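So the structure is just underneath, and the comments pick up after that.
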Amino acid sequence: MLTILPVTFIIFSITSHLYSQGPQVFFTLDGSLEGIVLNFIQSSREFIYISALHVDHPEIIDALRELRAQGVDVRVITEKPVFGILSKVDAEKGLHHVKFAVNEHGVIFGSANFSVSGLRNSLNDILIFNQSYSERFKTFFLNIWNHGKITEVQGFTVSPLDNVENHVLRVLQSARKRVWVCMYALTDQEVMATLKFKESQGLDVRVITDRWFKRSPIYKFGFSKLKIISFRLMHHKFILTEDTLLTGSTNYTESGFHRNVEMLYTSKNPWLLKKYEKIFEILWSGY
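According to the numbering used here, the sequence shown is numbered sequentially starting from 1.
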């Protein structure tokens, strides 16, 4: 049984934190994200829109059905219809892979699907943004819902609309001290070549990835500092340089950059970088 905090408490806690330090971040390495996400969803009074590859967590589905019965505007865009919920399947050739939930209070965004695996069993991260982000994500969602159109989101890089690959490469090329990669799928040739080049320049280049990487033809590239996670699905999708964080739904693959619907968040917030550094170091040390 999940512990659900009172809605007023979770809204106050999140909002007071966000205004002082930017987005709040949570990791499954620290514990299940189910209660946090359910609290956010249950705080909805006007609307709740969810976008993800998978939306099938039983308690989340129940919460959405209850909100719909109360008159809340509940909608889901995913790759598979959700029974009993107003939902649409993205029919584009690429995957609908961007993961967020938006309501009038703010936005949950990150690498986690709205499933038991995503919120509990796999290694994932979510960011919670305050209500100043709600309108831009609501508009993005409704443009897909009503028109099948991918549009810009201020402060984020969107695939396949923006040139996400070039954005990532610019961040990597600007690194002067380190590049720490924690990525489920890492097969893009340009990214791999840039990482190898940075390693040859003497930067601290470390790569943490999932066990499937051993079967990838890219495995032959080899890194002197490589950590393959086997004890859980390693579903994170973030990179840290000495002063920049990249995180979101985007895997660094041809599909992730050019075909799937994805979103990437870039931050230079020192507090946020330290949170991700801590998780990287725990995983690197052999947790």
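We put the beta carbon where it would ideally sit given N, CA and C, even for glycine. Only a predicted model underlies this, so the values are computations on that prediction, with no experimental measurement involved.
Here residue 126 is near residue 25, since their CB atoms are less than 9 Å apart. Contact between residue 242 and residue 177 holds: their C-beta atoms lie close to 4 Å from each other, under 8 Å. The alpha-carbon of residue 118 is positioned some 7 Å away from that of residue 124. Annotated three-state conformation of residue 96 is strand, per DSSP. Pairing residue 245 with residue 155, the inter-Cα distance amounts to about 13 Å. In the three-state scheme derived from DSSP, where H, G and I count as helix and E and B as strand, residue 103 is classed as strand.
Inter-residue distance for residue 135 and residue 231 is about 39 Å (C-alpha atoms, whole angstroms).
Taking a C-beta distance under 9 Å as the contact criterion, residue 265 and residue 27 do not qualify as a contact pair.
DSSP places residue 184 outside both helix and strand once states are collapsed to three, so it counts as coil.
With a contact defined as Cβ atoms closer than 8 Å, residue 73 and residue 47 qualify at about 4 Å. Classified as exposed, residue 83 has fewer than 16 neighbouring CB atoms from the shown chains inside 10 Å of its CB. The C-beta of residue 210 has 16 or more other C-beta atoms within 10 Å across all chains shown, which makes the residue buried. Residue 194 sits in a helix when the DSSP states are folded into three classes. A buried status is given to residue 111, since no fewer than 16 other beta-carbon atoms sit within 10 Å of its beta-carbon. The Cβ-Cβ distance between residue 23 and residue 269 falls below 9 Å. Assignment of residue 134 by DSSP, reduced to helix, strand and coil, places it in the helix class.
Cβ contact annotation for residue 152 (same chain, cutoff 7 Å, sequence separation greater than five): 158 and 161, in chain order.
Between residue 34 and residue 170 the beta-carbon gap is near 36 Å, outside 8 Å, which marks them as no contact. Straight across, the Cα-Cα distance linking residue 212 with residue 38 is about 31 Å. By the 16-neighbour rule on beta-carbons within 10 angstroms, residue 236 is buried. Per DSSP, the beta-bridge partners of residue 239 are 181 and 246.
Linking residue 187 to residue 248 through their CA atoms gives a straight-line distance of about 17 Å. Between residue 145 and the set 62, 40, 80 and 90, the nearest pair of CA atoms involves 90. By the CB criterion at 9 Å, residue 52 and residue 140 fall outside the cutoff.
By the neighbour-count criterion, in which a residue is buried when 16 or more other Cβ atoms sit within 10 angstroms of its Cβ, residue 262 is buried. Under the DSSP assignment, residue 262 falls in the beta strand (DSSP E) whose first and last residues are 262-267.
At the C-beta level, residue 79 and residue 67 stay beyond 9 Å of one another.
Residue 103 is classed as buried because its beta carbon has at least 16 other beta carbons within 10 Å across all chains shown. Burial is judged here by how many other beta carbons sit within 10 angstroms of a residue's own beta carbon; residue 238 has at least 16 and is buried. Taking a C-beta distance under 9 Å as the contact criterion, residue 49 and residue 101 qualify as a contact pair. Residue 276: member of the alpha helix (DSSP H) spanning 270-284, first to last residue.
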